[in-house]
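Number of protein chains: 2
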Amino acid sequence: MATMAEVAARAGVSTATVSRVLAGKPVRPDSAEAVRAAAAALDYELDRTARSLRRRYSDLLALVVPDVENPFFTAVARGVEDTARRAGLSVVLCNSDDDVQKESRYLAIAASENMAGAIVAPAASDLSLGGLARKRATVVVIDRSIEADVDQVGFDNVALGREATHRLIARGCRRIACISGPRGMGTARDREIGWRAALTESGLDASPEFLRHANFRVDGGRRATEDLLRVTPWPDAVLATNNMVAIGALQAMAAAPGGATRPEVAVIGDLPFATTDVSGLVQVPLRPRELGIRAAEMFLERLEGFRGAARRVVLDGAGAAPPG
Amino acid sequence: MATMAEVAARAGVSTATVSRVLAGKPVRPDSAEAVRAAAAALDYELDRTARSLRRRYSDLLALVVPDVENPFFTAVARGVEDTARRAGLSVVLCNSDDDVQKESRYLAIAASENMAGAIVAPAASDLSLGGLARKRATVVVIDRSIEADVDQVGFDNVALGREATHRLIARGCRRIACISGPRGMGTARDREIGWRAALTESGLDASPEFLRHANFRVDGGRRATEDLLRVTPWPDAVLATNNMVAIGALQAMAAAPGGATRPEVAVIGDLPFATTDVSGLVQVPLRPRELGIRAAEMFLERLEGFRGAARRVVLDGAGAAPPG
DNA sequence: TTGAAAGCGATACCAA
DNA sequence: TTGGTATCGCTTTCAA
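So the protein sequences, as listed, match chains X and U. Position 47, counted from 1, in the first sequence is what the numbering used here calls 47; the numbers after and before it change by one each time, with no gaps. Going from the second sequence to the numbering used here is simple: count from 1 and add 1000.
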């Protein structure tokens, strides 16, 4: 691989001039042309490790998500990527597997690689930013909220839970079960609170026997649903508080006897890979791509110098603006 | 952020010694201890850009896939990640969107960042490795094969197409349609060849009116299926040559009238997010996770010094060994 | 086992 | 506008 010094020698200029040409800074047209020709002739490619070392930041953005296999997060990734690309940033996607250790390892690497910063869907609410904070790198937290004083974008999960439940009630359901997420996961807890609130508002009962805590994956949803179908009489509806859980619930329902007497299903989230017509379900869509776009925009604003206080943006069901 | 020099000063040793301690090289126990204490006290974190610049490689592995939203590739990513982690490599996932430009941009970045190498599912069969080749970085190609002289792991796509088709024939299907992929995509073409071969072997007809080329996404499968359902009489089976296409096919079938007279569906690939019981379908599973594991293993062998000729590994349906 | 010091390749300051 | 050069933080050779 050619180095900048070789390009400079061939073009008859100094490395400083080569660097300027590559950065688009003002340089006499003829020497600029000479540099470009030399670079092309030598197949020159800039060494980013050298650049990052000197500049103290790279144009890489780490996106850390708890589950790359969840279509919600891959859609977020698309949004982030499309937005970041326009600013010349490349996105590296990291899977934390909802494991605090793996998560902090990736964040430490992002810091240590001098990346521009990170967009993180945290595995736990006490997320520690480590080196990124010390380096004052840009950080945006998405989906789940944390204590720290950083920009955050997410949903109003209580409202999502309420809406889904109210729509079930409007359809005539009265015995509504809820499959929540792991204890301690804020988004799950808030959606569950919304479920309970909607029931109370309608004079209905949020019976503990109709609440289940599942992991937020397909098998969690399936097991919780099988469990709920052992209660007699059956609930007449099941609220799945996330997309993966809903898939598990639908699989379990399909395997259960009972035909039309089976509970209705409501889902908070989207089912892009459904193999049936799901238009009959109560669906509260989330627009993960918008979430990614908004987060990336906030990230870029910080990179470009915005110094205001940490912002908290709440996307509504339509994927739009903050509350105030 | 503390630097190594500061750690060295505090520990009363040279930076060389600090570096040795961090690398686990032999150092007197008491100075090793002093270094560790100093590093901890200063919250020291190694600067990887400096290390990469000096060492000429980093412990990052780029995994470039054509579609992060396809569960096949996210499963591959899990396999790669689990294997790479054990060797201390971190995986950065890059989405090429089946776009040769984006793909080569990510590969150029991998080279320019001095990454250890890349595992690539190429967007086109004339994949150019660019800087990675010049730097002699490790490269493993997966899923789709290319001309270049590099390690490759994939499936026997002709065999997959034949198997799926023969199983449909064994069920009594005679008018079997095929939804292939974009023209020019090798995996799609090979599966289509397998379909045709199976029909011929059974004395059946591979009618052009039963062949469709779709993009390898849900909407492609849906449109192709709607199109096939306009042929009269209907085919009695449809072979979906990839997972996303199968989802689209199932969605279109579900929306079509005809009940039990609707065509059977066979799928090459897996449907982890199916919302119905798909056990009745003809399924030829692919084990993408094994693909990722195998590719990562080959990658690590190269990193550890293996210098043999380029290998071509073909995983069979059971996700196992090479053919010879 | 240890330290001094060269050097990885690019950037940016300073002087011209 | 340009070039010389110090510098970023770490690894590694060489000599002790």
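All C-beta atoms in this analysis are idealised placements derived from N, C-alpha and C, irrespective of residue type, glycine included.
- Apart from sequence neighbours up to five positions away, the residues of its chain that approach Ala1198 (chain U) with a beta-carbon distance below 6 Å are Arg1162, Thr1165, His1166, ordered along the chain.
- Neighbours of Glu81 (chain X) in chain U, taken as residues at a C-beta separation under 8 Å, are given in chain order as Asn1095.
- Taking a beta-carbon distance threshold of 8 Å, Gly1131 (chain U) counts as an interface residue toward chain X.
- For Arg1055 (chain U), the uninterrupted alpha helix (DSSP H) segment begins and ends at 1048 to 1055.
- Ala1023 (chain U) and Gly1117 (chain U) have their C-alpha atoms some 21 Å from each other.
- The C-beta distance from Ala1266 (chain U) to Leu1281 (chain U) rounds to 7 Å, short enough to meet the 8 Å contact threshold.
- Proximity of the region 272 to 287 of chain X to the region 1270 to 1289 of chain U meets the contact definition, three or more beta-carbon pairs being nearer than 8 Å.
- If you draw a straight line from the Cα of Val314 (chain X) to the Cα of Asp98 (chain X), it comes to about 23 Å.
- Remark: C-beta atoms of Val18 (chain X) and Ala2 (chain X) do not approach each other more closely than 8 Å.
- Counted as a single uninterrupted DSSP element, the beta strand (DSSP E) harbouring Ser1090 (chain U) occupies residues 1090 to 1095.
- Between the region 1228 to 1236 of chain U and the region 1176 to 1186 of chain U, the count of C-beta pairs closer than 8 Å reaches three or more; the two stretches touch.
- Assignment of Asp1143 (chain U) by DSSP, reduced to helix, strand and coil, places it in the coil class.
- At a beta-carbon threshold of 8 Å, none of the residues of chain U lie near Ile169 (chain X); the nearest stands roughly 24 Å away.
- In the DSSP annotation of this structure, the continuous segment of the beta strand (DSSP E) that includes Phe1155 (chain U) starts and ends at 1151 to 1155.
- Inter-segment contact for the region 1076 to 1085 of chain U and the region 1290 to 1307 of chain U is present: three or more beta-carbon pairs are separated by less than 8 Å.
- Pairing Ala1133 (chain U) with Thr49 (chain X), the inter-Cα distance amounts to about 18 Å.
- The beta carbon of Asn157 (chain X) does not come within 8 Å of any beta carbon belonging to chain U, so the residue lies off that interface.
- Gly1184 (chain U) is not a Cβ neighbour of Leu1160 (chain U), given a cutoff of 8 Å.
- Taking C-alpha positions only, Asp1156 (chain U) is separated from Leu1168 (chain U) by approximately 19 Å.
- Nearest to Ala137 (chain X) by C-alpha distance, out of X:Ala32, X:Glu226, X:Arg311, X:Leu60, is X:Leu60.
- Look at Gly203 (chain X) here: in three-state DSSP terms it is coil, with no helix or strand label.
- With contacts defined as CB atoms closer than 8 Å, Ala310 (chain X) and Val150 (chain X) qualify as a contacting pair.
- Contact between Tyr1106 (chain U) and Ala1062 (chain U) holds, with the beta-carbon distance rounding to 6 Å and staying under 8 Å.
- For the region 1100 to 1114 of chain U, the beta-carbon criterion of a distance under 9 Å to any beta-carbon of chain X is satisfied by Lys1102, Arg1105, Tyr1106, Ala1108, Ile1109, Ala1111, Ser1112, Glu1113, Asn1114.
- Contact note: Phe1299 (chain U) does not reach chain X at a C-beta cutoff of 7 Å; the least C-beta distance is about 17 Å.
- For Ile247 (chain X), at least one C-beta of chain U is nearer than 8 Å to its own C-beta.
- For Ser1112 (chain U), the enclosing alpha helix (DSSP H) has its first and last residue at 1100 to 1112.
- Ser1207 (chain U) has its alpha-carbon roughly 11 Å from the corresponding atom of Thr1200 (chain U).
- Nearest to Arg1307 (chain U) by alpha-carbon distance, out of U:Val1139, U:Val1027, U:Arg1036, is U:Val1139.
- The count of Cβ pairs closer than 8 Å, one atom from the region 1216 to 1228 of chain U and one from the region 1251 to 1261 of chain U, reaches three, so the stretches are in contact.
- Assignment of Arg212 (chain X) by DSSP, reduced to helix, strand and coil, places it in the strand class.
- Taking all protein chains in view, the Cβ of Thr187 (chain X) is crowded by 16 or more other Cβ atoms within 10 Å, so the residue is classified as buried.
- Runs of the beta strand (DSSP E) lying entirely within the region 218 to 282 of chain X and spanning at least 3 residues, in chain order: 237 to 240, 264 to 268.
- Contact annotation: in the region 1275 to 1301 of chain U, residues whose CB is within less than 7 Å of a CB in chain X are Thr1275, Thr1276, Asp1277, Val1278.
- For Ile193 (chain X), DSSP records no beta bridge to any residue.
- Residue environment analysis places Gln1152 (chain U) among the buried positions, since at least 16 neighbouring C-beta atoms fall within 10 angstroms of its C-beta.
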